[in-house]
């Protein structure tokens, strides 16, 4: 099975900071990766698909990169509404659609 | 707009069964793959299963294979998750979501989510 490992598990940051979250797959997954944001008490929301494509309506301060086994999500300048937990997920439908363990971005 | 409403959760004893439902509206249900994801209290997301547009293909996480059955009724715009032999570790908030299928890569990204239904397994 594919394992998705995120780091760090939590990060403390301030408004205006640049934040980078990494996600490593245990095997090559090409660009089959999505990123989600989840705020407390809410359902997750899709941010990025195909490793680097911004989903409709997602602000451009979010960006994704990587391919193969190593991926990153970058928030260029944190806003108060960005404090949340972020999850990566491998998206190849022939494999288990495994999520990473999550990264909490907190003040 | 897209609306997904899960129901059927509750308190169940270990070994019991439960059927979760997800009522969909605001989009053409039969045009979308659908998926179940769960989240144990205070924990991360765990993908459970997905089902193709027609229902002919269903894929499960190893952790639930053999105990969970996903189905859909396109005439009723509804998705279902039948859970058997419930265990304490099945305690979680269960979400349904639409899954956008991208060709030719055959990838699934989860776009619209419901608010979840809570399943608690305890004696």
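Residue numbers (the numbering used here), protein chains in the order written: chain D, 1 to 107; chain G, 1001 to 1123.
Quick reminder that beta carbons are idealized off the backbone N, C-alpha and C, glycines included.
For clarity, every value in this text was computed on a predicted model and none was experimentally measured.
Give the C-beta separation of residue i and residue j to the nearest angstrom, bearing in mind that I take them to be a contact with Cβ-Cβ under 8 Å.
i: residue 30(D); j: residue 67(D); result: 6 Å
i: residue 9(D); j: residue 103(D); result: 6 Å
i: residue 1096(G); j: residue 1018(G); result: In fact, because the Cβ distance is near 14 Å, the residues do not count as touching under 8 Å.
i: residue 1102(G); j: residue 1035(G); result: About 14 Å separates the two Cβ atoms, so there is no contact after all.
i: residue 62(D); j: residue 75(D); result: 6 Å
i: residue 1012(G); j: residue 1119(G); result: 7 Å
i: residue 70(D); j: residue 22(D); result: 7 Å
i: residue 1022(G); j: residue 1078(G); result: 7 Å
i: residue 1094(G); j: residue 1117(G); result: 5 Å
i: residue 1041(G); j: residue 1086(G); result: Actually they do not touch by this definition, with Cβ atoms about 16 Å apart.
i: residue 1121(G); j: residue 1090(G); result: 5 Å
i: residue 27(D); j: residue 88(D); result: At roughly 14 Å, the Cβ-Cβ gap does not stay under 8 Å, so residue 27(D) and residue 88(D) are not in contact.
Mind checking who residue i pairs with in its DSSP beta bridge?
i: residue 64(D); result: 73(D)
i: residue 1068(G); result: 1083(G)
i: residue 1047(G); result: 1037(G)
i: residue 92(D); result: 1107(G)
i: residue 104(D); result: 10(D) and 85(D)
i: residue 58(D); result: Partner(s): none; residue 58(D) has no beta bridge.
i: residue 1032(G); result: According to DSSP, residue 1032(G) bridges with nothing at all.
i: residue 4(D); result: 25(D)
i: residue 1102(G); result: 1107(G)
i: residue 1073(G); result: 1078(G)
i: residue 1026(G); result: The partner list for residue 1026(G) (beta bridge, DSSP) is empty, contrary to what the question assumes.
i: residue 1058(G); result: 1051(G)
i: residue 35(D); result: 48(D) and 88(D)
i: residue 97(D); result: Paired residues: none, contrary to the question.
i: residue 1093(G); result: 1039(G) and 1118(G)
Residue i touches chain D at which residues, Cβ-Cβ below 7 Å?
i: residue 1109(G); result: 34, 46, 49 and 91
i: residue 1032(G); result: Near residue 1032(G) there are no residues of chain D at all, since even the closest Cβ is about 13 Å away, more than 7 Å.
i: residue 1115(G); result: 43
i: residue 1105(G); result: 32
i: residue 1095(G); result: 43
Below 6 Å CB to CB, which residues in the same chain sit around residue i once its five sequence neighbours on both sides are set aside?
i: residue 1199(G); result: Past the edges of chain G, shown from 1001 to 1123, lies residue 1199(G), and the structure says nothing about it.
i: residue 1001(G); result: 1026
i: residue 1058(G); result: 1051 and 1070
Name, please, each residue of chain G whose Cβ falls closer than 9 Å to the Cβ of residue i.
i: residue 87(D); result: 1044 and 1045
i: residue 102(D); result: 1043, 1044 and 1045
Mind pulling the chain D residues with CB within less than 9 Å of residue i?
i: residue 1062(G); result: 1 and 96
i: residue 1050(G); result: 93 and 97
Could you pull out every residue in the same chain whose Cβ sits closer than 7 Å to the Cβ of residue i, ignoring the five residues on either side in sequence?
i: residue 90(D); result: 2, 4, 25, 29, 32, 33, 97 and 98
i: residue 1076(G); result: none
i: residue 50(D); result: 31
i: residue 45(D); result: 36 and 37
i: residue 1045(G); result: 1037 and 1039
i: residue 47(D); result: 35, 36, 37, 55, 58 and 62
i: residue 39(D); result: 84
i: residue 1030(G); result: 1053 and 1074
i: residue 1113(G); result: 1004, 1095 and 1097
i: residue 16(D); result: 77 and 78
i: residue 1033(G); result: 1050, 1051, 1052, 1053, 1099, 1101 and 1108
Spatial neighbours of residue i within its chain, please: CB distance less than 8 Å, with the 5 preceding and 5 following residues excluded, ordered by chain position.
i: residue 56(D); result: none
i: residue 65(D); result: 51, 52, 71, 72 and 74
i: residue 92(D); result: 29, 30 and 32
At a CB-CB cut-off below 7 Å, which residues of chain G make contact with residue i?
i: residue 71(D); result: Neighbours of residue 71(D) on chain G: none; closest Cβ ~14 Å, over 7 Å.
Given 8 Å, three or more beta-carbon pairs between the stretch 92-102 of chain D and the stretch 1008-1015 of chain G:
no
Would you say the stretch 69-87 of chain D touches the stretch 1050-1068 of chain G, given that touching needs at least three Cβ pairs under 8 Å?
no
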